[in-house]
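Participant: Position 84, counted from 1, in the sequence shown is what my numbering calls 68; the numbers after and before it change by one each time, with no gaps.
Built from N, CA and C at the ideal position, the CB exists for glycine as well.
On a predicted model such as this, the values are computed, not experimentally measured, just so you know.
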Amino acid sequence: MQDTAQPIPASAPERPSVGEPAPLFSLPSLSGTMVDLAAYRGRSNVVVWFSRGFTCPFCRVYTDGVRAGYDALRDTETEVIQIAPNLLDSARRYFGESVLPFPFVCDPTSAFTPCTASVICGRSRRRGPR
-15 MQDTAQPIPA SAPERPSVGE PAPLFSLPSL SGTMVDLAAY RGRSNVVVWF
35 SRGFTCPFCR VYTDGVRAGY DALRDTETEV IQIAPNLLDS ARRYFGESVL
85 PFPFVCDPTS AFTPCTASVI CGRSRRRGPR
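#1: CA-CA distance, Tyr24 and Val30?
#2: Which residue's Cα is closest to the Cα of Ser10: Arg58, Arg27, Leu84 and Ile65?
#3: If you compare alpha carbons, which of Gly37, Glu4 and Pro5 is closest to Ser94?
#4: Considering Pro12, what are the terminal residues of the beta strand (DSSP E) in which it resides?
#5: Below 8 Å, can you find three or more Cβ-Cβ pairs linking the stretch 81 to 91 to the stretch 0 to 16?
#6: Would DSSP call Val32 helix, strand or coil?
#7: According to the Cβ coordinates, are Thr62 and Ser28 closer than 8 Å?
#8: For the candidate residues Val2, Leu8, Thr39 and Asp55, whose alpha-carbon lies nearest to that of Leu84?
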């Protein structure tokens, strides 16, 4: 399956302050749908989690932890959206049949990530798509 969806960042997003809404985004997910943050506004709590993706061993451990605790989060009307700099096709190959219960979206150009996250997985350095 070839990537056809392109990330659509908010126009000229600025990094929000604590307590401010995150800039809107629409990014392709492993499931094949676009995940649009605007669809969640007013409906549920959302944790937008910026990870280094599946190539990071620490992030894989955190992903497993979020997967294990996901039902408890859903009980509190909270959704998790994991944003990673991976290429969509690479992420689909990595996860294969191992379906995540929450949206894993790909931002391979880091079009959205730099405006909101300066520290990802305990590091402040960013690298390109994986």
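Facilitator: A quick look at the data gives this:
#1: 7 Å
#2: Ile65
#3: Answer by Cα proximity: Gly37.
#4: Phe9 to Pro12
#5: yes
#6: strand
#7: yes
#8: Asp55
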